[in-house]
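If you want the working numbering, it's the 1-based position in the sequence shown plus 1.
The beta carbon of each residue, even a glycine, is placed where N, CA and C say it ideally should be.
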Amino acid sequence: YLPMKALEEIAAIRGVSEVDLYDRTPSDEQELFRRISGAEMVSSRLFVKYDKKLLDYAKDLKAIFLPMVGYNHVDVDYASQKGVYVYNCAGYNAEAVAEMAMGILLSLLRKIPSAQHHVRAGGIEYRIFEGAELHGKTVGVIGAGKVGGKIIHLLRAFGCKVLVHTKNPSAIRAKEYGLEDFSTKAELLKKSEVVILALPLDSTTKGIIGKREFATMRKGSVLINIGRQNVVEEQAVINAVLSGRLGGFGADIFLEDPLDIKLHPIAVQEFVKLPNVLITPHIAGEAVEANKRLVKVFLQNIENFLSGSTAATSRKYHNLVNRAQLEAHGHI
């Protein structure tokens, strides 16, 4: 997530006395625990699970700095009990992710990947690739955070009628998005020709779209999931595409562990090859501009945490995902 050169800049931050950098993943749990032993601040790639066992072992830990937006791999409640600050890099890649959602959607509607494969195989037939316009379609967006907001803006530029569902509706937020009101999930699924999921993964969003939801969606509609894979039930979406309930499915990440497609059942392997299915390998946020912002936000989070001055107090809580929990446990 972060280049080693950027990580080396941590050593120049006031208040940091010693930095250990590792350019490879630990071979086992023992090596992981050895690395974090005695550390007051840690950062790592996505694979590390900050669970109760790890947090109990890291007795000196004061802060976790995540070089990413998602933090579902951190036991935030337990970290808060222990007084450990958890920072993420919220919003750094919102533009890139929103644009990727549109790219996947347009590619499906216009059958771009299939047409490209056809040409690469020596084909010149165009009649078989008649697609559909996005303009004028009713598109439902579930999730109205930073990414969802940018998707809404892009959809309006394409001349779409936009419906939005959020778990935190209010008249003020609706006005900000140019809406008369937010939609219920049921209403959105029933009316939308395209549904885009722009959701984080947590206990309230896991499996938010499954067999029951697919049964209520318009036949032939398209579903785009630009969030984590577990917000959609894997087998349910396979069945929906194969039955024709869904006209197309696109996602930036789909498979559960193991990530190697060859280790999954034949049905899953064949599913990802369907012409109306487009899966990318978790690259939505991988843009040059986004990664430059990531470095800046990541380093600023560390500086904010270490700053003890009164003027910096408000900055100290910027991107702190567990402020409320820390306050509840008396650590702030």
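Quick check: what's the CA-CA separation for residue i versus residue j?
i, j, result
"TYR58", "SER81", "15 Å"
"ALA91", "GLY245", "37 Å"
"LYS151", "ARG121", "34 Å"
"LEU8", "VAL75", "21 Å"
"GLU328", "LEU321", "12 Å"
"ILE280", "PHE34", "35 Å"
"ILE303", "GLU177", "32 Å"
"GLU188", "GLU214", "11 Å"
"LEU135", "ARG111", "9 Å"
"LEU198", "VAL238", "13 Å"
"ALA99", "ASP203", "20 Å"
Thinking residue i and residue j are a contact (beta carbons under 8 Å), I'd like their distance in whole angstroms, please.
i, j, result
"VAL242", "ILE210", "That belief does not hold up - the Cβ atoms of VAL242 and ILE210 are roughly 13 Å apart, past 8 Å."
"ALA64", "TYR86", "4 Å"
"ILE143", "VAL196", "7 Å"
"LEU300", "ILE14", "7 Å"
"ILE227", "MET101", "6 Å"
Quick check on the burial criterion: 16 or more other C-beta atoms within 10 angstroms. Buried or exposed for residue i?
i, result
"THR167", "buried"
"LYS317", "buried"
"SER28", "exposed"
"LEU55", "buried"
Taking the beta strand (DSSP E) that residue i falls in, what are its first and last residues?
i, result
"ASN226", "222-226"
"HIS319", "First-last for HIS319: undefined, no H or E at that position."
"LEU247", "247-252"
"LYS176", "Not the beta strand (DSSP E): LYS176 falls in the alpha helix (DSSP H), residues 172-177."
"ILE239", "From DSSP, ILE239 is part of no beta strand (DSSP E) but of the alpha helix (DSSP H) over 235-244."
"ILE280", "278-280"
Locate the alpha helix (DSSP H) running through residue i, then write down its first and last residues.
i, result
"VAL196", "Taken as a continuous stretch (DSSP letters only), VAL196 belongs to no alpha helix (DSSP H), being part of the beta strand (DSSP E) at 195-198."
"ALA285", "No alpha helix (DSSP H) holds ALA285; DSSP gives it neither H nor E."
"HIS154", "147-158"
"LEU189", "186-192"
"LYS212", "212-217"
"ILE333", "Element bounds for ILE333: n/a, residue is neither H nor E."
*Can you list, in chain order, the stretches of the alpha helix (DSSP H) that have 4 or more residues and sit fully within the region 91-141?*
95-110, 113-121
*alpha helix (DSSP H) segments (min. 4 residues) lying fully within the region 39-89*: 53-58, 77-82
*asked:* Which runs of the beta strand (DSSP E) at least 3 residues long sit entirely within the region 5-30? Give them in chain order.
replied: none
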